[in-house]
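See structure below.
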Amino acid sequence: MTDTKSLRRHTGRLSLGLAIVAVPLLLALLGPLFAGDPGPRAVSFTLGGGHWLGTDFVGRDVWGQVLLGGRTVVLTALAATALAYLVALPVGLVSALTHLRRLEDVLMRPLDVLLAVPSLLLILLVASVFSPGAAGLALLVALVNVPDAARIVRAAAGEVAARPAVEALRMQGETWWRIAVGHVGRSILRTLAADAGIRLTGVLYLVSTAAFLGVGVAPDASDWAVMVDRNRTGLFVQPWAVVVPALLIVALTTGTNLLFDAVLEKKGRRP
Amino acid sequence: MSHADTVAEIRDLRVEIDGRAIVDGVDLQVLPGKVTALVGASGSGKTTTGLALLGEYPPGARVTGDVRLTEGGLVGYVPQHPAAVLNPARRVGALLHDIARPQARHLPRTERRTAARARVLQAMLDAQLPDAEALLRRHPHQLSGGQQQRVVLAQALLLGARVIVADEPTTGQDALTKSRIVDQLAAVAARGIAVVLLSHDLDVVQALADEVLVMRAGRVVESGPVERLWLSPRHEWTRRLLEAHDAAPREEASAGQPVLEVRNMTAVHDRTTVLRAPHLTLNSGECLAVVGRSGSGKTTLARCLAGLHRDHDGEVLLDGTALPHSLRHRSRAQLAAVQYVFQDARAAFDEHRPVVAQVARTAVRLRGAAEQAATDEALTTLARLGLTDDMAHRRPAELSGGELQRAALARALLAHPRVLICDEITSGLDTVTRRGILDLLAGLVRDRGGLSLVLITHDQETARLAHRVVVVDAGELVEQGSARWVLEAGTGLRT
């Protein structure tokens, strides 16, 4: 009875998360295909007149901008998160499983230094020197996320690596790969998934902020974050140009967290 | 036996509760300086008889018979759980001074304090409590069980007791604490005080008692000097008690070839030396028990042998060749030769994979067996250890602790090891399961010719399985010898 109830609640949360995350994700990935011709520019900050969501600060159609502006934000954030883990996982696992104190120091200490630098400051600093594109921004955001992620992997894996199960695997002569990925990696999956949910949100926020500040994108680029920034001035005349892209970013982060929660809960319940 | 100098005597005691006799027709003479032991299973009337000496009876009991004490013959009682009779709110010093102060009242006011103090210190010395100054400042809960027991004993001695009734003083204690209790009671008896020992621990009785009374269902079935009773028990019940006791220890192993040898080992933990093992050998087909209290370094010894603890100098030789300190550097053959079974079986299994898959990996990795052949062998071995096919395919979370410990044994056995190290593998299990695992181990040594076993344990029953016993105390190997010699005669335990 309670089981079916909790199952129903769980399914509800899962589909809610999916629904919330699907809207911005689909818009971001498929939007550009349906955007069509930008058409002639109209008067700035107007409502109606053939424009479903009005016009923006330079008189472009807001709906068209929304369709075009998601891809960079979402792809940069996803790429940055994946990239951060690509580095953090091996570093964290190696330093958790090694018995060589020096190797652990060599791997972890430089990351601690990086951790001490405020991430936005680092991005702005690098951006002012190199003026990176979208790919460069993804790299930068990934870089500032590596220390946190590596520390979390290291801490979670360290706890698992100290258990007798790992000693028993060594006693069986298991390969490093099997121990590190097959056992330790698998055991810390829940922690990692929870961290990935938060990290993706943080990365989205950072990418948006960077775009908002003009890093990685042109000042009038079609980008949800840039839209929020540029259209602020007309907020009271034409709110949709700010509210719609802002809501889409919120939906993406909230939906991601809901989705991760639901998936983890399902995993946790399995005996 | 001369009855003239008895300090206490019980004649034809009968204690009845609700018409049922719990003690029936018991006679007992307590002689000064002698240890009289009442032996029997729980519920045989030992404690009731012992308490009768204090004039204590269970509520609602109907008592007939005669309990006589000589003049001034105070009786002290050391209960099985001494914490219950020590006021937890007061320091040990206060508890003892309360008794000593009235005794010094006859002295001039200025001398009372020092006299009372001297009496307290003397009593503590007699009760084998060294480091009295520090102990006096502690509260009872800050003492170990053994120390609490000795404080109660000191109280009794301070009162000038002529008879001490010790109720199961060694139950639940490790071997070394037991030997200290034996020492301390022997010292008490040596001072001319009569000791009445109520115990079902035959090791202690044999080491300590002069006279033994064997009780069963409230009656004394046999009594006599301890040597006579041990050598030629007359009553059938006594014989059964002694047989059950003697059954486990086995004869010396025929001297096999040395398999494993330890030379000049000094193991450290964070720069603190935790174990010194100058020399230790393990012969093939031999079962060696390493006993000692928790924290004595016995697990470190086992971990050094298995390559799980690398911080030691010295050598571990397998067939005369030195093994690398860390198992990461041991070859497959070396890993297979020395296998280790962990104390906590549940923690030693990967929770995500079925047990049989994990067990089979040993054969795949260490002996190069094919996947299918390894699984078949794993299933056969698990079945022989009492785990069905269905159980073998479950995940660790769906098996009990005892079943997992069997699976862990199977996992180690699939390496076809020459040396199997078992670290307290029965300590978390109930007695029936423990018995089962111990029988299994005994069978392994018997059937698998050449398999040597190292049992790390604090439990005498487990140690009894061994041919030889090594006693570890405070990081030192204090005693090595045959199981019979160390455990039975108690030579090794009195260190």
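Residue numbers (our numbering), protein chains in the order written: chain A, 435 to 705; chain B, 682 to 1176. Cβ atoms here follow ideal geometry from the backbone N, Cα and C, with glycine treated the same way.
| Check | Outcome |
| --- | --- |
| Contact with chain A by Leu1047/B, beta-carbon distance below 8 Å | yes |
| Nearest candidate by alpha-carbon position, reference Val744/B, set Arg695/B, Asp884/B, Leu866/B | Arg695/B |
| Chain B within 8 Å of Ser529/A, Cβ atoms only | no |
| Closest Cα partner of Val773/B within the set Gln761/B, Pro1077/B, Val832/B, Pro763/B | Val832/B |
| First and last residue of the uninterrupted alpha helix (DSSP H) at Arg1048/B | 1036 to 1048 |
| Neighbourhood of Val560/A by C-beta distance below 8 Å, restricted to the same chain and skipping five residues each side | Pro566, Leu574 |
| Short-range partners of chain D found in the segment 660 to 690 of chain A, where Cβ spacing is below 8 Å | Checking the listed chains, one finds no chain D in this structure; the protein chains it contains are A and B. |
| Where Trp486/A falls, given that 16 or more other Cβ within 10 Å makes a residue buried | exposed |
| Minimum Cβ-Cβ distance from Glu608/A to chain B less than 8 Å | yes |
| The segment 1022 to 1033 of chain B contacting the segment 1094 to 1112 of chain B, beta-carbon criterion three pairs below 8 Å | yes |
| Residue-level contact to chain B via CB, Met605/A, 8 Å cutoff | yes |
| Option in Leu555/A, Ser529/A, Ser553/A with minimal Cα separation from Arg543/A | Ser529/A |
| Close-in-space but distant-in-sequence residues of the same chain around Leu1063/B (CB under 6 Å, 5 per side omitted) | Ala1073, Ala1091 |
| Continuous beta strand (DSSP E) stretch holding Ala970/B: start and end | 968 to 972 |
| Leu1121/B versus Gly706/B - alpha carbon distance | 44 Å |
| Partners in chain A for Thr1062/B, counting only beta-carbon separations shorter than 7 Å | Within 7 Å Cβ-Cβ: nothing; Thr1062/B doesn't reach chain A, min ~14 Å. |
| Interface residues of the segment 589 to 601 of chain A facing chain B [CB-CB below 8 Å] | Arg597, Pro598, Ala599, Glu601 |
| Chain A contact residues for Gln1020/B, given Cβ-Cβ distances below 7 Å | Met605 |
| DSSP beta-bridge partners of Thr962/B | Glu942/B |
| Identified DSSP bridge partners for Glu697/B | Ala702/B, Arg743/B |
| Neighbour list for Ala1028/B in chain A, Cβ cutoff strictly below 8 Å | Arg597, Pro598, Ala599 |
| Ala934/B versus Leu941/B - alpha carbon distance | With a pLDDT of 44 at Ala934/B, under the threshold of 50, the predicted position of this residue should be treated as unreliable, and no value is reported. |
| Contact set for Arg897/B: own chain, Cβ-Cβ below 7 Å, skip 5 residues either direction | Gly721, Ser725, Trp918 |
| Minimum Cβ-Cβ distance from Arg396/A to chain B less than 8 Å | Here chain A covers residues 435 to 705 and nothing more, so residue 396/A does not appear. |
| Endpoints, alpha helix (DSSP H) assigned at Ala1014/B | 1013 to 1018 |
| Gly731/B classed as buried or exposed, judged by whether at least 16 other C-beta atoms fall within 10 angstroms | buried |
| Nearest-angstrom Cα separation, counted from Ala516/A out to Gly616/A | 20 Å |
| Local conformation of Pro720/A per DSSP, three classes | Given a span of 435 to 705 for chain A in the structure shown, any question on residue 720/A remains unanswerable. |
| Close Cβ partners of Leu806/B (< 8 Å) along its chain, the five nearest in sequence each way excluded | Ala813 |
| Neighbour flag for His644/B against chain A, beta carbons, 8 Å | Past the edges of chain B, shown from 682 to 1176, lies residue 644/B, and the structure says nothing about it. |
| Helix, strand or coil at Leu559/A [DSSP, three-state] | helix |
| His444/A at chain B interface by Cβ criterion, 8 Å | no |
| Euclidean distance between Cα positions of Gly451/A and Ala576/A | 25 Å |
| Closer than 8 Å at the beta carbon, the chain A residues around His950/B | Near His950/B there are no residues of chain A at all, since even the closest Cβ is about 14 Å away, more than 8 Å. |
| Cβ of Asp705/B within 8 Å of any chain A Cβ | no |
| Proximal chain A residues relative to Thr1071/B, where beta-carbon distance stays under 9 Å | The residue you asked about is not Thr; residue 1071/B is Asp in the sequence shown. Neighbours of Asp1071/B on chain A: none; closest Cβ ~15 Å, over 9 Å. |
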